[in-house]
Amino acid sequence: MNKKTIITLGCTVLTMGSSLAESKSPVAPGPNEPTLESLQANYVVPEWFRDAKFGIYTHWGPVTHAIQHPDEKNIGRFGWYGSQLYRPGTGGHEYHKKYWGDPKEVNYRAICEKFTADDFDAEHWADVFEMAGAKFAGPVSVHHDNFLMWDSELNPFCAGKMGPKRDICGEVATAVRKRGMKFIGTFHHGFSYRYWENAWKYDPGHPELYGPEHHAVEKYIENDKGERVKNDAEWKHAPREWQEYWRDAVGEFVDNYQPDLIWFDFGLSWQDRDIQLQMYANFYNKARSYGQDSPTVARKARDAESRTYGTLDLERGHMPRLTEYPWLSDTSASAWFYYPNPTTQPDDSLVDMYVDIVAKNGTLLLNIGPDYKGTFPEEFMTGLRAIGAFNETCGEGIYDSRPWLTYGEGHTKTSTGHKGAANSLEHATSNFQVDDKRYTQSKDGKNLYAWAMHWPEGLTEMTFKSVIIEGEEDGAKIELLGHGPVEYSTNADKSVTVKLPAKAPNPHCNGFKFSNIKVGWHPYGHHLIANSTRIDLSAAKDSKDGVSVEFESGSVPSATLWIGSKTAAKGTATLYEGSKKIMSSDYSVDANGHVEVGDFKVSAKKVKKEHIPAKLRLEITGLKATDLDALSIGIQRDKTILRQNDSIQ
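Just so we're aligned: the sequence shown equals residues -21 to -1, 1 to 628 in mature numbering (1 follows the signal peptide of the UniProt record, and there is no 0).
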């Protein structure tokens, strides 16, 4: 008998998971060996990924069917519904009893059977993805519940054999590729073993779904010193046979659907190192065999090493700066899985977020949650239409673009880091203001695109302070995308001011295209980004020897002081925190000029997760308060951008 068909209670997954490894090598033939050195030597940052900028994936499955009922507890927090229904005291457990019954009688397997996806149409899904302007797309291949959304021969708990009895992933793969998009697979089953730690109490005997019999362990324990510490050795551990199943499920998906990119939620790092490397090497070798010479694995690993053989992903988070490497931000317009009457991000926030990510060398992977029948709710369609309309008008400055010398200017800080915006609703309305700008450039470097993140209602002009016009060729022009050419002028400091029409052509972010114009980066540019401190000149007071101003600042590493003066002057600038001298530097500035001085660090404090700004005092000799036209502290120029001679991936 074929080992893959043996069903023995308590060890089914162990048998199935190990059979694939026994029948053949877990790594396909090819240049990649399952070693760090080999993966690094063969990895190339995918050009198609750098060009794509926008992808869509869908959280959808038995969970969506379960949470279809409006309820006061059903407010977007049932993404881990399967785990919750087996945990008394959780909202999911109470909800399940109310709408489905006792979990011992109506278990998660029953929910899987009820998930029939009556209205699912892969062609319609692909039409929606194409309308929005996505360049790559795919459904969540398997979530934490370990229900595979394809027709699997490895695990009977799959869409091909239960519920819909359809190959969801296969149908979507065919439909998106028909429209010229790349196909991706996303995997969340690295956490499945721990996700189902209570399942055996309620529904014993189904290791194909729940994993071999196991029970809850404490996430935190007390060490020998009486300190509360994470119990990662137990909590993040899964048996070797389960890890092999994890690897082989990814391998089966790769064999069946030939993805261009595969993405992992947390849990990948919980697998043994050799298992992880086998998964990477197998995918990369298989991809080459089916014609994808530049595949990539996206994962939530912040270490620099992981970027040498894959792509960094930030969940619901962004970068605070322009990076020299491409990265991915996965987020959702609402909760991950659709629930009735959801709270969603406004269209303006989605478009602004998209542009901010691209300007910092990132790519957006946006989640859309279909309803339990398989259609896209109108609450999400509005956002997709907004992004689609923006891409239709402004896509030339987004697709195939590359970062410019700086990502932008303006006061507004974005939610940075992994899970920087809890529930993706931190920006319930777009926070960007009139002074917020972003920049991209064409792949060949011939065109600059300047993005106005907020339209200045009632104003007739706008200045891009980070841009210098260094020269003009025949046909030099600046165009407002969706409108046409606009008048522009060069200011005394060589920055650029454009004339604005009475009405913005785009309801959200608007782009200006610089053609046949040689542009440079204004030295003041790095004092205009969000992590700099602009000093309010109204607080400046004349002192005995010059000017004194008190202000507050957040942390600024490798800082420098920018002084702008209406008159020619020279003297000394000294910065204090209390009685402590942080910096003292001589300066000399021309009339209507600016000067950058100093090399220092500002350190704000953090008390109980709250950032307390540093209280500072700046003393400048040789100037009066009325002479000043700019004061700010920012990161040194060569620490904020990629310099002209630096390479960018």
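Every residue, glycine too, gets a C-beta built ideally from N, C-alpha and C.
Per DSSP, F369 is one residue of the alpha helix (DSSP H) stretching across 357 to 373.
Here the C-alpha atom of S468 lies approximately 53 angstroms from the C-alpha atom of C148. Contact annotation: L247 and Q255 have beta-carbon atoms nearer than 9 angstroms. Residue range 489 to 500 is occupied by the beta strand (DSSP E) that includes V498. Remark: C-beta atoms of Y318 and A31 do not approach each other more closely than 9 angstroms. The residues A547, in chain order, have a CB closer than 7 angstroms to that of D569 in the same chain once the five nearest residues on each side in sequence are set aside. Contact between T342 and F33 holds: CB atoms are separated by about 7 angstroms, below the 8 angstroms threshold. Counting every other CB atom within 10 Å of its CB across the protein chains shown gives A212 a total below 16, marking it as exposed.
When the Cα atoms are used, E206 and F126 turn out to be separated by approximately 38 angstroms. In the DSSP assignment, Q19 falls within the alpha helix (DSSP H) that extends over 15 to 21. Counting only residues of its own chain and dropping the five nearest sequence neighbours on each side, A277 has a CB closer than 6 angstroms to the CB of W242, T290, D292, L307.
With a cutoff of 9 angstroms on beta-carbon distance, F355 and N485 are scored as not near each other. Under the Cβ criterion (8 angstroms, minimum of three pairs), the stretch 543 to 560 counts as touching the stretch 572 to 581.
Counting along the chain, E109 sits inside no beta strand (DSSP E); it lies in the alpha helix (DSSP H) bounded by residues 101 to 111. By the neighbour-count criterion, in which 16 or more other beta carbons inside 10 Å mark a residue as buried, V498 falls on the buried side. Non-local beta-carbon contacts of Y333 in its own chain, meaning distances under 6 angstroms to residues more than five positions away in sequence, involve L343 in chain order. The secondary-structure analysis by DSSP pairs Y418 across a beta bridge with A429. Around the CB of Y269, fewer than 16 other CB atoms lie within 10 Å, so the residue is classed as exposed. Bounds of the alpha helix (DSSP H) holding V42 are 41 to 45. Just so you know, the alpha carbons of Y172 and G190 end up roughly 6 angstroms apart. Here DSSP, grouped into helix, strand and coil, assigns W221 to helix. The closest CA to that of A518, considering only G525, F530, L507, is found on F530. 9 angstroms or more divides the Cβ of A429 from the Cβ of G504. With contact defined as three or more Cβ pairs closer than 8 angstroms, the stretch 471 to 486 and the stretch 344 to 353 are not in contact. With a threshold of 16 other beta carbon atoms within 10 Å, T43 meets it and is buried. Sequence-distant partners of Y236 (beyond 5 residues in either direction) whose C-beta falls short of 8 angstroms from its own C-beta, in its chain, are W129, C148, G149, A152, F162, G164.
Taken through DSSP and simplified to helix, strand or coil, S445 comes out as coil. If you look at A593, you'll find it in the beta strand (DSSP E) that goes 593 to 600. By the Cβ criterion, the stretch 21 to 28 is not in contact with the stretch 69 to 88, since fewer than three pairs of Cβ atoms, one from each stretch, lie closer than 8 angstroms. By DSSP's assignment, R278 forms a beta bridge with L291.
Residue environment analysis places E303 among the exposed positions, since fewer than 16 neighbouring C-beta atoms fall within 10 angstroms of its C-beta.
The Cβ-Cβ distance between A138 and G230 does not fall below 9 angstroms.
Considered as a whole, the stretch 565 to 593 harbours 572 to 581, 584 to 586, 589 to 591 as its complete beta strand (DSSP E) runs of no fewer than 3 residues, in chain order. In the three-state scheme derived from DSSP, where H, G and I count as helix and E and B as strand, D521 is classed as strand. Separation of A154 and P536 (C-alpha to C-alpha, rounded to the nearest whole angstrom) is 49 angstroms.
According to the DSSP assignment, L460 belongs to no alpha helix (DSSP H), since it is labelled neither H nor E.
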